[in-house]
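*Asks:*
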Amino acid sequence: MQIYLPIAEMSIDVLLLLGLGGLVGFLSGLFGVGGGFLMTPLLIFVGVPPAVAVASQANQVIAASVSGVLAHWRRGNVDFKMGLVLLAGGLAGSLIGVWLYSVLRRIGQIDLVIALAYVFFLSAVGALMAVESIGAMMRQRRPQAARRKLHQHTWVHGLPLKMRFRRSRLYISALLPLGLGFGVGILAALMGVGGGFIMVPAMIYLLGMPTALVVGTSLFQVIFVAINVSFLQAWQNQTVDVVLAFLLVLGAVIGAEFGTRFGARLRGEQLRGLLALLVLAVGIALATQLVVPPEDVYSLTHSLAGG
Amino acid sequence: MRVTLIALALLAWFATVAGARIAVAASLVADLSNHLIAITTGFTGTDVLLFGAKEGEGDVVVIVRGPTSSISVRKKSRVAGIWMNTDRVTFSNVPSFYAVSSSKPVEEIAPASVLARHQIGFSQLKLAAPPQVDPERLRDFRSALIRRQQRAGLFMREPGEVSFLGNTLFRTNVYFPANVPVGVYLVEVLLLQNGNVTGAQTTPLIISKVGFGAELFDFAHQRAAIYGLIAILISLVAGWLPHILLRKA
Chain W
30 MQIYLPIAEM SIDVLLLLGL GGLVGFLSGL FGVGGGFLMT PLLIFVGVPP AVAVASQANQ
90 VIAASVSGVL AHWRRGNVDF KMGLVLLAGG LAGSLIGVWL YSVLRRIGQI DLVIALAYVF
150 FLSAVGALMA VESIGAMMRQ RRPQAARRKL HQHTWVHGLP LKMRFRRSRL YISALLPLGL
210 GFGVGILAAL MGVGGGFIMV PAMIYLLGMP TALVVGTSLF QVIFVAINVS FLQAWQNQTV
270 DVVLAFLLVL GAVIGAEFGT RFGARLRGEQ LRGLLALLVL AVGIALATQL VVPPEDVYSL
330 THSLAGG
Chain C
459 MRVTLIALAL LAWFATVAGA RIAVAASLVA DLSNHLIAIT TGFTGTDVLL FGAKEGEGDV
519 VVIVRGPTSS ISVRKKSRVA GIWMNTDRVT FSNVPSFYAV SSSKPVEEIA PASVLARHQI
579 GFSQLKLAAP PQVDPERLRD FRSALIRRQQ RAGLFMREPG EVSFLGNTLF RTNVYFPANV
639 PVGVYLVEVL LLQNGNVTGA QTTPLIISKV GFGAELFDFA HQRAAIYGLI AILISLVAGW
699 LPHILLRKA
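Sequences listed follow chains W and C, in order.
Just so you know, we're using our numbering here: the first sequence kicks off at 30 and counts up by one.
Just so you know, we're using our numbering here: the second sequence kicks off at 459 and counts up by one.
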């Protein structure tokens, strides 16, 4: 069944969109990522103009995140205090990111920077997580092996402005989540994603939060980042297609429920290992696109003024 | 804005119809099965039938052009192992849609000079590029532009066929794909005898979004901030709804 998308100006199969939404929603419920890093390339692949894809998937991320946060909240798996500190850093970072975006566009290589950022962060994050979770699984197989210290003291713990995050059982400097939120905010604005796929591993490895809490907390923060992105895109560029967004959302909320339930049955290191594989796979797929000779070296850009 | 556009187009249509009648008597009369293509929520592309009658012998050529805009053609090349955009030529006045139908291959109907004057066929299509672009590079970018537009279904790959019913009546179909840009299109019908244009008529065709899709599009552009907020609200509610439903269940 075909439907015409009024802003994207194309017709597309309704079931395809529902399926994409459901798939990404499932993964976002499972891993606590908004799914933007997956949805944007998929939408572009099925023919949605990149600008519309980036803007409209932000709405899908909002719905999937709200649905995910509520599901995790029911289980008491959201650290709202941590989420708000991350968010404060994130909003400041996204302002810098939007400015950086316009600078890069003026230079004329924004597409390449975005593609390289995707490839770099997806591969790095994926590889790090894969190594760590394989290590964790191996340690579990051999319980007699030396256990990792529960708490390692580094220079990080000497930072000022210490704050107690009771839910996460952490007593760390507020500068850490602020700085993390800030850095991810910059990237999120540049890459047009919520940034969950960077945030989740960073919260686990840099902040040392329990995996069970990370998913819900990251989703909580992603809601607001995605709202920011969606509003700016709709207001400045008129690229949010609500028909497209609505169909993706519909699939996503259903998928997210299943994802969250399924995720509750998996252990932390299994969850991390699977997310690592997924992130790595997308990173490699995008990297090959950069390296493999394109089908046609020419491409068209329609000027906005004439269209 | 849409209303004024349609009004202007109709005005232009009456003017051209009247003009055509005076200029070339009644050697050629043609019309479309539909002067308005409405892009609705279920739009998946459509055929428009063009039919008409001519006087005496001769061949018929039909040219359909969409509104023009400028299009940048970018070329990728390999830099340090990575494919990136390195070159660009911008063409102004590129028709957003271009299709030619004829009763015989156009080369057999008219000499190159006539084809050029009426921009019949891709080789005769006038695409304005900056003058400093050297000819070889221009040729590559030009053919790339045509190839990409053909791939998108907006430039018709093969010329269509104008078929005759008896000696006077003729008809042809023009297909508009789902991704067809909106605007005022011009359908030019030419009658050629012995390589000369002896009859011509231009009819406008309006492609416009109507109904829910059109209102949404206008809303998104005219009340962008409110549109954005509503879109966010819908997403928030959609994310929240299953939570309520599941708790009740």
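Cβ coordinates follow ideal geometry from the N, Cα and C atoms, glycine included.
Looking at L34 of chain W: is its Cβ nearer than 9 Å to the Cβ of V77 of chain W?
*Replies:* Start at 1 with the first residue of the first sequence, and residue 34 of chain W comes out as number 5. Start at 1 with the first residue of the first sequence, and residue 77 of chain W comes out as number 48. Taking 9 Å as the Cβ cut-off, L34 of chain W and V77 of chain W qualify as a contacting pair.
*Asks:* Cα-Cα, which of C:T548, C:S535, C:A496, C:S560 is closest to L508 of chain C?
*Replies:* To locate residue 508 of chain C, count along the second sequence from 1; it is residue 50. When each option's Cα is compared against that of L508 of chain C, the closest is C:S560.
*Asks:* With N257 of chain W as the anchor, note down where its alpha helix (DSSP H) starts and where it stops.
*Replies:* Indexing the first sequence from 1 puts residue 257 of chain W at position 228. Counting along the chain, the alpha helix (DSSP H) containing N257 of chain W begins and ends at 240-265.
*Asks:* Would you tell me roughly how many angstroms separate the C-alpha atoms of V537 of chain C and F549 of chain C, rounded to the nearest one?
*Replies:* Locating residue 537 of chain C in the second sequence gives position 79, where the first residue counts as 1. Locating residue 549 of chain C in the second sequence gives position 91, where the first residue counts as 1. Roughly 25 Å between the two C-alpha positions.
*Asks:* Compile a chain-ordered list of the residues in the segment 302-327 of chain W whose CB is closer than 9 Å to at least one CB of chain C.
*Replies:* Those would be Q318, L319, V320, V321, P322, P323, D325, V326, Y327, in chain order.
*Asks:* Excluding the five sequence neighbours on either side, which residues of its own chain have a C-beta within less than 8 Å of the C-beta of P588 of chain C, listed in chain order?
*Replies:* Working through the second sequence from its first residue, we reach residue 588 of chain C at position 130. Correct list, in chain order: V547, T548.
*Asks:* Going by C-alpha to C-alpha distance, which of C:A602, C:D505, C:A488 sits closest to D325 of chain W?
*Replies:* Locating residue 325 of chain W in the first sequence gives position 296, where the first residue counts as 1. Checking every option, the nearest Cα to that of D325 of chain W belongs to C:A602.
*Asks:* Under a CB-based cut-off of 9 Å, is Q608 of chain C close to chain W?
*Replies:* As a position in the second sequence, residue 608 of chain C is number 150, starting the count at 1. No - not a single Cβ of chain W is within 9 Å of the one on Q608 of chain C.
*Asks:* Using a beta-carbon distance below 9 Å, is A587 of chain C in contact with chain W?
*Replies:* If you number the second sequence from 1, residue 587 of chain C lands on position 129. Judged by the 9 Å Cβ criterion, A587 of chain C is not in contact with chain W.
*Asks:* For Q31 of chain W, collect the residues of the same chain with a Cβ closer than 8 Å to its Cβ; drop the 5 residues on either side in sequence, then sort them by chain order.
*Replies:* Within the first sequence, residue 31 of chain W is the residue found at index 2, counting from 1. Closer than 8 Å at Cβ, skipping near neighbours: S40, I41, D42, V43.
*Asks:* Which residue comes first and which comes last in the beta strand (DSSP E) that contains P662 of chain C?
*Replies:* As a first step, residue 662 of chain C is located in the second sequence; it is residue number 204 there, counting from the start. Counting along the chain, the beta strand (DSSP E) containing P662 of chain C begins and ends at 654-667.
*Asks:* Run through chain C and tell me which residues come within less than 7 Å of I139 of chain W, C-beta to C-beta.
*Replies:* Within the first sequence, the letter at position 110 stands for residue 139 of chain W. Residues of chain C passing the Cβ test: none, with the nearest at roughly 10 Å.
*Asks:* Let me know the secondary structure DSSP gives F501 of chain C once reduced to three states.
*Replies:* For the purposes of this step, residue 501 of chain C is taken as the residue at position 43 of the second sequence. Note: F501 of chain C maps to coil in three-state DSSP.
*Asks:* Would you mind listing the alpha helix (DSSP H) stretches within the segment 91-128 of chain W that are 4+ residues and don't spill past its ends, in chain order?
*Replies:* You should have found no qualifying run.
*Asks:* Select from C:G500, C:L486, C:I521, C:V591 the residue whose C-alpha is nearest the C-alpha of E619 of chain C.
*Replies:* Reading the second sequence from its first residue, position 161 is the one you call residue 619 of chain C. Looking at the Cα atoms, C:I521 is the closest of the given residues.
*Asks:* Could you tell me whether the Cβ of N106 of chain W comes closer than 9 Å to any Cβ of chain C?
*Replies:* Taking the first residue of the first sequence as position 1, residue 106 of chain W is located at position 77. Judged by the 9 Å Cβ criterion, N106 of chain W is not in contact with chain C.
*Asks:* Relative to the C-alpha of I702 of chain C, which candidate in W:L235, W:L99, W:G302 has its C-alpha closest?
*Replies:* Working through the second sequence from its first residue, we reach residue 702 of chain C at position 244. That would be W:L99, whose Cα lies nearest to the Cα of I702 of chain C.
*Asks:* With DSSP collapsed to three states, give me the class of A274 of chain W.
*Replies:* One-based indexing of the first sequence puts residue 274 of chain W at position 245. In the structure shown, A274 of chain W sits in a helix (DSSP, three-state: H, G or I).
*Asks:* Once DSSP output is grouped into helix, strand and coil, what is the label at A334 of chain W?
*Replies:* For this step, residue 334 of chain W is matched to residue 305 along the first sequence. Summary for A334 of chain W: the model assigns pLDDT 37, below 50, so the residue's position carries little reliability; its value from the coordinates is reported in the next sentence. Three-state result, A334 of chain W: coil.
*Asks:* Check for me: the beta strand (DSSP E) holding V520 of chain C runs from which residue to which?
*Replies:* Numbered from its first residue, the second sequence carries residue 520 of chain C at position 62. Segment 517-523, the beta strand (DSSP E) holding V520 of chain C.
*Asks:* Please identify, using Cβ separations under 7 Å, the residues of the segment 558-574 of chain C that lie next to chain W, in order along the chain.
*Replies:* Against chain W - using a Cβ distance shorter than 7 Å - the segment 558-574 of chain C contributes no residues.
*Asks:* Using a beta-carbon distance cut-off of less than 9 Å, what residues from the segment 269-303 of chain W approach chain C?
*Replies:* Going along the segment 269-303 of chain W in chain order, one finds V269, D270, V271, V272, A274, F275, V278, L279, A281, V282, I283, A285, E286 with a Cβ nearer than 9 Å to chain C.
*Asks:* Hey, V308 of chain W and F226 of chain W: beta-carbon distance below 9 Å or not?
*Replies:* For the purposes of this step, residue 308 of chain W is identified with residue 279 of the first sequence, where counting begins at 1. For the purposes of this step, residue 226 of chain W is identified with residue 197 of the first sequence, where counting begins at 1. Cβ atoms of V308 of chain W and F226 of chain W: closer than 9 Å.
*Asks:* From which residue to which residue does the alpha helix (DSSP H) around D325 of chain W run?
*Replies:* The residue given as residue 325 of chain W occupies position 296 in the first sequence. Looking at the DSSP string, D325 of chain W is not in any alpha helix (DSSP H), and its letter there is neither H nor E.
*Asks:* What does a CB cutoff of less than 8 Å around R532 of chain C pick up in its chain, not counting 5 residues either side in sequence?
*Replies:* As a first step, residue 532 of chain C is located in the second sequence; it is residue number 74 there, counting from the start. Counting only Cβ-Cβ distances below 8 Å, and skipping sequence neighbours, we find N543, D545, R546.
*Asks:* Under 9 Å, Cβ to Cβ, is there at least one residue of chain C near F150 of chain W?
*Replies:* Position 121 of the first sequence, counted from the first residue, corresponds to residue 150 of chain W. Closer than 9 Å: no.
*Asks:* One question on the structure: do P553 of chain C and L583 of chain C come within less than 9 Å of each other, judged by their Cβ atoms?
*Replies:* Position 95 of the second sequence, counted from the start, is the residue given in the question as residue 553 of chain C. Position 125 of the second sequence, counted from the start, is the residue given in the question as residue 583 of chain C. Yes, they are a contact pair.
*Asks:* On the three-pair Cβ rule with 8 Å, is the segment 144-158 of chain W touching the segment 229-239 of chain W?
*Replies:* The answer is yes - the segment 229-239 of chain W touches the segment 144-158 of chain W, with three or more Cβ pairs under 8 Å.
*Asks:* What's the C-alpha gap between A263 of chain W and A682 of chain C?
*Replies:* By 1-based counting over the first sequence, the position of residue 263 of chain W is 234. By 1-based counting over the second sequence, the position of residue 682 of chain C is 224. Each residue's Cα considered, the two are about 6 Å apart.
*Asks:* Does T246 of chain W get closer than 9 Å to chain C when you measure Cβ to Cβ?
*Replies:* The residue labelled residue 246 of chain W in the question sits at position 217 within the first sequence. Not one chain C Cβ lies under 9 Å of T246 of chain W.
*Asks:* Which of the three DSSP states is assigned to F613 of chain C in this structure?
*Replies:* The residue labelled residue 613 of chain C in the question sits at position 155 within the second sequence. In this structure, F613 of chain C counts as strand in the three-state DSSP scheme.
*Asks:* Does any CB atom of chain W fall closer than 9 Å to the CB of P617 of chain C?
*Replies:* Translated into positions along the second sequence, residue 617 of chain C becomes position 159. No, P617 of chain C does not count as interfacial toward chain W.
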